[in-house]
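Student: Just dropping this structure here.
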Amino acid sequence: MESRITIGQLAKATDTKAVTIRYYESAGLVSPVTRTEGGYRLYTDRERDRLIFIKRARLLGLSLEDVKSLLGLADDENAPCGQVDSIIHEQLERVRSRLKDLQQLERELDRLEQCCQADTVADCKIIESLSQ
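Sequential numbering of the sequence shown, starting at 1, is according to full-length UniProt numbering.
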């Protein structure tokens, strides 16, 4: 029989807050195997592994919808990998777009920083620029 752990133990084992685990449960990403007579959730290694998967996917910036899709694909060993590739490709494009936006933001902030050499706010070109 597989060992069963409480939500607190699962939280500690995966460095995830219990409230986050409950949120993932409500989103249908992970679920307790059973409950004790007192109503406490019990989890197995499978749920621990799913939670680690979710955390890693979230660190890549994937949405919960994408994570749910990836978990569904991971549960079906015969599913085509092309769907996984597509999810990752779309995320990569979103990251590249954000990087482009951040680079533009960096240039604008650099421009603002360079345009002001005033001693007082009354003469500050940054404040003037932001006020217009």
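Ideal Cβ positions, reconstructed from N, Cα and C, are used throughout, including at glycine.
This structure is a prediction, so every number in the text was calculated from the model and none was measured.
What separation, rounded to the nearest whole angstrom, lies between the Cα atoms of Arg41 and Lys55?
Tutor: On the sequence shown, residue 41 is found 41 positions in, with the first residue counted as 1. On the sequence shown, residue 55 is found 55 positions in, with the first residue counted as 1. Their Cα atoms are separated by approximately 20 Å.
Student: In three-state terms, what does DSSP make of Arg41?
Tutor: Start at 1 with the first residue of the sequence shown, and residue 41 comes out as number 41. In the three-state DSSP reduction, Arg41 falls in the strand class (E or B).
Student: Does the beta-carbon distance from Phe53 to Leu71 come in below 8 Å?
Tutor: The residue given as residue 53 occupies position 53 in the sequence shown. The residue given as residue 71 occupies position 71 in the sequence shown. In contact: Phe53 and Leu71 (Cβ atoms closer than 8 Å).
Student: Taking the alpha-carbon positions, what's the Ile88 to Lys125 distance?
Tutor: Translated into the one-based positions of the sequence shown, residue 88 becomes position 88. Translated into the one-based positions of the sequence shown, residue 125 becomes position 125. Roughly 43 Å between the two C-alpha positions.
Student: Between Gln117 and chain B, is the shortest Cβ-Cβ distance under 8 Å, so that the two count as touching?
Tutor: Protein chain content of the structure displayed is limited to a single chain, and chain B is not contained in it.
Student: Count the other CB atoms, across all protein chains shown, that sit within 10 Å of the CB of Arg50; report buried if there are 16 or more and exposed otherwise.
Tutor: Counting from 1 along the sequence shown, the entry for residue 50 is found at position 50. Burial call: buried.
Student: Identify whether Arg4 lies in helix, strand or coil by the three-state DSSP scheme.
Tutor: Here residue 4 is taken as the residue at index 4 of the sequence shown, counted from 1. Arg4 falls in the coil class under three-state DSSP.
Student: In three-state terms, what does DSSP make of Thr16?
Tutor: Working through the sequence shown from its first residue, we reach residue 16 at position 16. Correct three-state label for Thr16: coil.
Student: My assumption, with CB atoms under 8 Å, is that Gly61 sits in contact with Gln91. Please give the rounded CB distance.
Tutor: Start at 1 with the first residue of the sequence shown, and residue 61 comes out as number 61. Start at 1 with the first residue of the sequence shown, and residue 91 comes out as number 91. Taking 8 Å as the upper bound for CB-CB distance, Gly61 and Gln91 are in contact here, some 6 Å apart.
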